[in-house]
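Just so we're aligned: 120 in the working numbering is position 27 of the sequence shown, and the numbers increase by one with no gaps anywhere.
C-beta: ideal position from N, C-alpha, C; glycine also.
Everything numeric in this text was worked out from a predicted model, so none of it was measured.
Please read the structure below before turning to the comments.
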Amino acid sequence: MTKWKITPVSVSVHLKTDSPIFGECATRVSVDDEGAGAFIRLQQTHDSTEKGTISVEFEELVLIIQAAKELISKHSKE
Numbered sequence: 094m095t096k097w098k099i100t101p102v103s104v105s106v107h108l109k110t111d112s113p114i115f116g117e118c119a120t121r122v123s124v125d126d127e128g129a130g131a132f133i134r135l136q137q138t139h140d141s142t143e144k145g146t147i148s149v150e151f152e153e154l155v156l157i158i159q160a161a162k163e164l165i166s167k168h169s170k171e
């Protein structure tokens with residue numbers, strides 16, 4: 094029996110034609126923890142928005158929420 098497991102901690106929401114890592118419209122949804130408990134972090138790779146601001150289309154927001162719920166579900170069981 095192995096002592097290793099797979100735990101997803103990050104997903105990317107992006108246009109089908111964009112790179113999930115460097116895409117102009119990619120939004121990374123991840124679970125993070127800075128010592129006080131887990132939380133969801135949203136990061137965007139493009140420079141067109143003001144620092145500390147995210148810009149998403151309505152359709153993209155639905156996918157971001159779905160991704161966050163899936164990550165929360167996986168991590169709340171551990």
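Is it right to say residue i is buried, meaning 16 or more other beta carbons lie within 10 angstroms of its own, or is it exposed?
| i | result |
| --- | --- |
| His107 | buried |
| Thr120 | buried |
| Ala160 | buried |
| Val102 | exposed |
| Val122 | buried |
| Leu164 | buried |
Which residues in the same chain as residue i place their Cβ atom closer than 6 Å to its Cβ, once the five residues preceding and following it in sequence are excluded?
| i | result |
| --- | --- |
| Ala131 | Val124, His168 |
So, helix, strand or coil for residue i, using DSSP?
| i | result |
| --- | --- |
| Ile133 | strand |
| Val155 | helix |
| Ser166 | helix |
Taking one C-beta from the region 111–119 and one from the region 96–103 each time, how about it: are there three or more such pairs within less than 8 Å?
-> no
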